[in-house]
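Asks: Pasting a structure below so you can have a look.
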Amino acid sequence: MAENKKLEAIATKNRLTRPIVERYVAGNGLLDAWRVTEKLNAAGIDVSLDLLGESVFDLAQSKAATQEYLGAIEEINTRAPGSTVSVKLSQLGIGIDLQQCANNLKSLLQMADAQGVQVEVDMEHSSVGRATLEIFKGILSDYPKTRLAIQANMRRTPEDLLSFTDIKPRIRLVKGAFDETLDDALRSADEVTEQYKYLSRWALRHLPDPAFGTHDDECIEVVKEAARELGLDRKSFEFQMLYGVRRKLQDELVRDGYRVRVYLPYGTQWYPYLMRRMAEKPANLLLFLRSLIGG
Numbered sequence: 007m008a009e010n011k012k013l014e015a016i017a018t019k020n021r022l023t024r025p026i027v028e029r030y031v032a033g034n035g036l037l038d039a040w041r042v043t044e045k046l047n048a049a050g051i052d053v054s055l056d057l058l059g060e061s062v063f064d065l066a067q068s069k070a071a072t073q074e075y076l077g078a079i080e081e082i083n084t085r086a087p088g089s090t091v092s093v094k095l096s097q098l099g100i101g102i103d104l105q106q107c108a109n110n111l112k113s114l115l116q117m118a119d120a121q122g123v124q125v126e127v128d129m130e131h132s133s134v135g136r137a138t139l140e141i142f143k144g145i146l147s148d149y150p151k152t153r154l155a156i157q158a159n160m161r162r163t164p165e166d167l168l169s170f171t172d173i174k175p176r177i178r179l180v181k182g183a184f185d186e187t188l189d190d191a192l193r194s195a196d197e198v199t200e201q202y203k204y205l206s207r208w209a210l211r212h213l214p215d216p217a218f219g220t221h222d223d224e225c226i227e228v229v230k231e232a233a234r235e236l237g238l239d240r241k242s243f244e245f246q247m248l249y250g251v252r253r254k255l256q257d258e259l260v261r262d263g264y265r266v267r268v269y270l271p272y273g274t275q276w277y278p279y280l281m282r283r284m285a286e287k288p289a290n291l292l293l294f295l296r297s298l299i300g301g
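When we follow this note's numbering, the leftmost residue of the sequence shown carries the number 7, and every step to the right adds one.
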């Protein structure tokens, strides 16, 4: 469904889908994102801004996305200090020109470094995953505070993490939301969960300031328990969750003294992102489809 252009066209024009979209997406523009950020910050929750849009088709689009991110970075210290930006390299042109994509990322990192803002690099489908990893390794020595999302479901992930020798990376560990082949990824939900728990313990032991992107109670408890066993302070790592998902739990974690950051998407290109959220909770997908039919 995420790749169905006809359904996307129907969904984006149907006003009855707006309540569902607004649950998971801050709005169409940066000002909308700042309004939501202000409310989250008031509750003790940080944000990572995500400009929606994937797999650009020409370098003009990647340049436009880069400029949008530069504008967001420039405003963070006055609007919401402590916020980060999450960038997708497919949006910066990785599928068109690897060098130009790397240059776009470096532009963002230079601005962010000057502003004291941190950048998080999303990990996408395996078709661009290897190139994303290599570009990240290429910038790590100059920008060691940059964080990379790592997918627990990918079979190569343990090997990838061990490949960092000179500089240990800051990572955001996620389960993985893309449709991958059995050769590339674990397909069983139980296997992915067990891999996530194993990698969580490993990250707390070996990596600086890890972030755990999960809404799974079992995985969250494993992180808490492993941190206690290692004698780690509750502020030495953070939990990251998606906007619109398990807000009560986010508040509970903040009250318990943990750092919480919400991944906050905004922009008009919300359809592929929303479909992945729907796939994670089929009841929401049914509600979304009913809104289309009702329209």
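Note that CB positions come from ideal geometry on N, CA and C, so glycine has one too.
Note that the structure is predicted; figures quoted are calculated from it, not measured.
Within 10 Å of its beta-carbon, does P150 have 16 or more other beta-carbons around it, so buried, or fewer, so exposed?
Replies: exposed
Asks: Can you list, in chain order, the residues of its chain with a C-beta nearer than 8 Å to that of E80? Leave out the 5 residues immediately preceding and following it.
Replies: Cβ within range, chain order: M117, Q121.
Asks: Near E244, which residues of its chain fall below 6 Å by C-beta distance, leaving aside the five closest residues on each side in sequence?
Replies: Hits under 6 Å: A217, R265, R267.
Asks: Could you give the residue range of the alpha helix (DSSP H) that holds V42?
Replies: 36 to 48
Asks: Considering only the beta carbon of each residue, do E130 and K94 sit closer than 9 Å?
Replies: yes
Asks: When the Cα atoms are used, what is the spatial distance from N109 to K45?
Replies: Rounded to whole angstroms, N109 to K45 spans 34 Å at the Cα level.
Asks: In chain order, which continuous runs of the alpha helix (DSSP H) of length 4 or greater are located wholly inside the segment 206 to 255?
Replies: 223 to 235
Asks: If we count the other Cβ atoms within 10 Å of its Cβ and call it buried at 16 or more, is T152 buried or exposed?
Replies: Taking all protein chains shown into account, T152 has 16 or more neighbouring C-beta atoms within 10 Å of its C-beta and is therefore buried.
Asks: Starting from the C-beta of V53, find all residues in its chain whose C-beta is less than 6 Å away, skip the five residues before and the five after it, and write them out in chain order.
Replies: In its chain, beyond the 5 residues on either side, T43, L46, S89, V268, L270 have a beta carbon closer than 6 Å to the beta carbon of V53.
Asks: DSSP state of L154, grouped into three classes?
Replies: strand
Asks: I'd like the list of long-range same chain contacts for Y202, defined as Cβ closer than 6 Å, with 5 residues on each side in sequence excluded.
Replies: A158, K181, C225
Asks: Should V228 be flagged as near chain D, meaning a C-beta pair shorter than 9 Å?
Replies: In the structure shown, chain D cannot be found, because there is only a single protein chain.
Asks: Given this structure, state the Cα-to-Cα distance separating A71 from Q97, to the nearest angstrom.
Replies: Take the alpha-carbon of A71 and the one of Q97: they are about 7 Å apart.
Asks: Spatial neighbours of G219 within its chain, please: C-beta separation below 6 Å, excluding the five flanking residues on both sides.
Replies: Excluding its 5 nearest sequence neighbours in each direction, G219 has C-beta neighbours in its own chain below 6 Å: R178, V180, Q246, listed in chain order.
Asks: Along the alpha helix (DSSP H) that carries Y75, what are the first and last residues, could you check?
Replies: 65 to 85
Asks: Quick check on G301: does DSSP put it in helix, strand or coil?
Replies: With a pLDDT of 43 at G301, under the threshold of 50, the modelled position of this residue cannot be trusted; read the value that follows with caution. Residue state, collapsed to three classes: coil.
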